[in-house]
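Engineer: The sequence shown begins at 35 in the numbering used here and counts up by one. Cβ coordinates follow ideal geometry from the N, Cα and C atoms, glycine included. Quick caveat: nothing in here was measured; it's all calculated off a predicted structure.
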Amino acid sequence: MTGTLINIIAVLFGGLLGSFLGARLPDKMRETVMSGLGLVTAVVGMQMALGTHNILLVMGSVLVGGVLGEWWRIEDGLEAAGRWLEERVGSAMGSTDERSITRAFVTASLVFCVGPLTILGSIQDGLTGDYSLLAIKSMLDGFAALAFAATLGPGVILAVITILVYQGGLSLMAMGLGSMLGEVTRQTPWVIEMTAAGGVLILGISLILLDLRRIRVANMLPAIVIAPLAQIVLEALGISL
35 MTGTLINIIA VLFGGLLGSF LGARLPDKMR ETVMSGLGLV TAVVGMQMAL
85 GTHNILLVMG SVLVGGVLGE WWRIEDGLEA AGRWLEERVG SAMGSTDERS
135 ITRAFVTASL VFCVGPLTIL GSIQDGLTGD YSLLAIKSML DGFAALAFAA
185 TLGPGVILAV ITILVYQGGL SLMAMGLGSM LGEVTRQTPW VIEMTAAGGV
235 LILGISLILL DLRRIRVANM LPAIVIAPLA QIVLEALGIS L
C-alpha cells in the first residue's frame, strides 16, 4: 500500500498546483494545452495497443467488455459518483460548465488507473513490498494531474479516491494471493494483452479530450479484465488465434 499512498500524494500535489495555475490561464491557452494533452494521450494509447500479439483477442475483449459495461452501466455509475461529489464540493472547488468536476473526475480516474504500471506496480507492491514501479507511476501521474487540473479543473484531485480503491484493492489482493500469481513482468503474455486493451481505452479518452467524439470509455473497462483472462484460458487450452 506504500506505493498507492505515494501515488495519492503526487496526484494531490499536482492537482492542487494545476488548479492554482489553471484558474490564471487564458481560455485560448487552456484550449491549446487540452489539445496537446489529447494528442499525447492518443500516442500513448496507440503505443500500448500496438504491443498486442493477438489483435483478435483485444478486439473481442473490447467488444464483449463494452456490452457488459453498457449492461452494468459503469459510466453512469462513475458519473453519478462525480455528480454526488460535485453537489457537495462543487462550489468550494470553483466548478463551472467548462471545468465540470464530474468530467474531470471521470477522465482523470480512467487515465490514472488504465495502464500496465497500475497493475504491475500494485501487484509488485502487494507481493514483495517493492513500490518502485508505483513510485515511477506517481511521478508521471503527478505531472499529468497538474496538466489535467489546469485545463479540466480541480475535480481531477478527486481521482485519488479511485486510485485508493483500485490500486489499494489490487495490492491487497496480491498480498492475499501470494505466490499463486507467480512472476509477473511486462512481457508476461496476459499483461501484454491487458495493456493493449487498456491502450484502446486510452485512445478513446484522447478522442474525448480532442472533442472529436464522445465515447463511453468507462463502459469498456471490463475489457481490461477479459483480455488477460482470455489469454490465460487460450494458453491453457493450447489455442492460438
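If we count the other Cβ atoms within 10 Å of its Cβ and call it buried at 16 or more, is VAL77 buried or exposed?
Structural biologist: exposed
Engineer: Keeping to the same chain, check which residues put their C-beta closer than 7 Å to that of GLN158; ignore five residues upstream and five downstream.
Structural biologist: Only ASP164, LEU167 meet the Cβ criterion.
Engineer: Sorted by chain position, which residues of the same chain lie with C-beta nearer than 8 Å to ILE42's C-beta, five sequence neighbours on each side aside?
Structural biologist: VAL194, ILE197, LEU198.
Engineer: Buried or exposed, going by whether 16 or more other CB atoms sit within 10 Å of the CB of ALA264?
Structural biologist: buried
Engineer: Within a Cβ cutoff of 8 Å, which residues of the same chain sit near ALA184, ignoring the five residues on either side of it in sequence?
Structural biologist: Hits under 8 Å: GLY52, SER53, LEU55, GLY56, LEU59, ARG64, VAL67.
Engineer: Does DSSP put LEU263 in a helix, in a strand, or in coil?
Structural biologist: helix
Engineer: So the candidates are ALA252, ILE249, SER274, LEU237; which of them puts its Cα closest to the Cα of LEU73?
Structural biologist: LEU237
Engineer: State the start and end residues of the unbroken alpha helix (DSSP H) segment that holds ASN41.
Structural biologist: 36–56
Engineer: Kindly list the residues whose CB is nearer than 6 Å to the CB of GLU132, restricted to its own chain and excluding five residues on each side of it in sequence; keep chain order.
Structural biologist: Low confidence applies here, because GLU132 scores a pLDDT of 49, under 50, leaving its location unreliable; read the following figure in that light. For GLU132, where only same-chain residues beyond five positions count, there are no Cβ hits under 6 Å.
Engineer: For ASN253, collect the residues of the same chain with a Cβ closer than 7 Å to its Cβ; drop the 5 residues on either side in sequence, then sort them by chain order.
Structural biologist: GLY100, GLY103, GLU104, ILE108, GLU109.
Engineer: Using 8 Å for Cβ pairs, my map puts PHE177 next to GLY49. What's the rounded Cβ distance?
Structural biologist: At roughly 11 Å, the Cβ-Cβ gap does not stay under 8 Å, so PHE177 and GLY49 are not in contact.
Engineer: Could you give the DSSP three-state label for ARG64: helix, strand or coil?
Structural biologist: helix
Engineer: Excluding five sequence neighbours on each side, which residues of the same chain lie with their C-beta closer than 7 Å to the C-beta of LEU84?
Structural biologist: none
Engineer: Can you look up GLN81 in the DSSP assignment and give me helix, strand or coil?
Structural biologist: helix
Engineer: Could you check where the alpha helix (DSSP H) with GLN290 kicks off and where it finishes?
Structural biologist: Only positions 35 to 275 of the chain appear in this structure, which leaves residue 290 out of reach.
Engineer: Check whether the Cβ atoms of ILE271 and ALA257 sit closer than 9 Å, and answer yes or no.
Structural biologist: Per the sequence shown, residue 271 should be read as Leu rather than Ile. Taking the C-beta atoms as reference points, ALA257 is found no nearer than 9 Å to LEU271.
Engineer: Would you identify the three-state DSSP class for ARG137, choosing helix, strand or coil?
Structural biologist: helix
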